[in-house]
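Contents: one structure, followed by commentary.
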Amino acid sequence: MSGITLALSKGRIFEETLPLLAAAGIVPTDNPESSRKLIIGTNRPDVRLVIVRATDTPTYVQHGAADLGIAGKDVLLEHGSEGLYQPLDLNIAKCRMSVAVRAGFDYQDAVRRGARIRVATKYTTVARDHFAAKGVHVDLIKLYGSMELAPLVGLADAIVDLVSTGGTLRANNLHEVEEIMPISSRLIVNQASLKLKRELLQPVIEAFAGAIKP
Ligand code: ATP
Ligand code: MG
Numbered sequence: 000m001s002g003i004t005l006a007l008s009k010g011r012i013f014e015e016t017l018p019l020l021a022a023a024g025i026v027p028t029d030n031p032e033s034s035r036k037l038i039i040g041t042n043r044p045d046v047r048l049v050i051v052r053a054t055d056t057p058t059y060v061q062h063g064a065a066d067l068g069i070a071g072k073d074v075l076l077e078h079g080s081e082g083l084y085q086p087l088d089l090n091i092a093k094c095r096m097s098v099a100v101r102a103g104f105d106y107q108d109a110v111r112r113g114a115r116i117r118v119a120t121k122y123t124t125v126a127r128d129h130f131a132a133k134g135v136h137v138d139l140i141k142l143y144g145s146m147e148l149a150p151l152v153g154l155a156d157a158i159v160d161l162v163s164t165g166g167t168l169r170a171n172n173l174h175e176v177e178e179i180m181p182i183s184s185r186l187i188v189n190q191a192s193l194k195l196k197r198e199l200l201q202p203v204i205e206a207f208a209g210a211i212k213p
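Heads up: the sequence shown runs through residues 0 to 213, numbered per numbering that gives the first Met the number 0.
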């Protein structure tokens, strides 16, 4: 494609990206929440959006199927960022990666005495690195969703998951016991596209940079 393709996921990333797109003079012609289209045009004939699953965004950009994309730091850490240029932290879709346990589970004690702990998570790379750095032995259980259930039914002692308000944890009688890192979404750019389409991409990157809210 001679124009540029931007990969976005539905939901909060799409919503929070709209003002950044507007700053770059880009207005989508459909709303992916109501449209079933996966390729969405914009007011600019040389810019289109592709709607992908959040965890797939780096894959599309890495392979050049999209020239740029917006992905959470959580997704980038799990996926790896080889071949991706990451020029901007967009400061959107903010939350934190945390450890949470069932009410009554003594996390500090479990971690201190160096016992094995069972951790259920979608984020096995982040969790493995975090507990290795603390010298804690973990048995990791990979899940794809509803992590909060695992400690309640005895599948795990703890979970590693994204937390924003803490409402889901509270509703399930879980306690956030440690923050691993703050999370926000990044602009990612295909490295070959950046060289071949610099005159199209550079103004978009600069407009995004100028529109980031602190
Ligand atoms: P799905 O919810 O459809 O299973 P997903 O969880 O991969 O998909 P989203 O929930 O849209 O996708 O999350 C996209 C990104 O937004 C995540 O990768 C993360 O960076 C960020 N995010 C996730 N949960 C929250 C939250 N509660 N508050 C703010 N940002 C979040
Ligand atoms: Mg989600």
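By construction, the Cβ of each residue, glycine as well, lies at the ideal position given by its N, Cα and C atoms.
The model shown is predicted, which means the values in this text are computed figures rather than measured ones.
Could you check whether the Cβ of A53 sits closer than 8 Å to any heavy atom belonging to the ligand MG? A53: yes, Cβ under 8 Å from the ligand MG.
Please confirm whether A92 has its beta-carbon closer than 9 Å to some beta-carbon of chain C. No chain C is present in this structure, which holds just one protein chain.
Going by beta carbon distance, what residues of the same chain come within less than 8 Å of L200, once the five residues before and after it are set aside? Cβ within range, chain order: I3, D66, L67, V188, S192, L193.
Is A114 a contact residue of the ligand ATP, with contact defined as CB to any heavy atom under 8 Å? Answer for A114: no, Cβ out of range of the ligand ATP.
Check whether the Cβ of G103 sits closer than 8 Å to any heavy atom of the ligand MG, and report yes or no. No, Cβ of G103 sits at least 8 Å from all heavy atoms of the ligand MG.
Endpoints, the beta strand (DSSP E) within which I69 is located: For I69, the enclosing beta strand (DSSP E) begins and ends at 67 to 71.
Going by the CB atoms, is the gap between V159 and M146 shorter than 9 Å? Between M146 and V159, the gap from beta carbon to beta carbon is short of 9 Å.
In the DSSP assignment, what are the bridge partners of K141? Paired residues: T120.
With burial defined as no fewer than 16 other Cβ atoms inside 10 Å of the residue's Cβ, what is the status of G10: buried or exposed? Here G10 is exposed: its Cβ has fewer than 16 other Cβ atoms, across all protein chains shown, within 10 Å.
Could you say which of A23, P44, Y143, A6 lies nearest to A64 if we only look at CA atoms? The shortest C-alpha separation from A64 is found at A6.
Relative to the C-alpha of I140, which candidate in K121, A132, H129, L151 has its C-alpha closest? Ranked by Cα distance from I140, the first of K121, A132, H129, L151 is K121.
Among T16, T41, R169, the one whose alpha carbon lies nearest that of T71: In the sequence as displayed, the identity of residue 71 is Gly instead of Thr. Per the C-alpha coordinates, the member of T16, T41, R169 positioned closest to G71 is T16.
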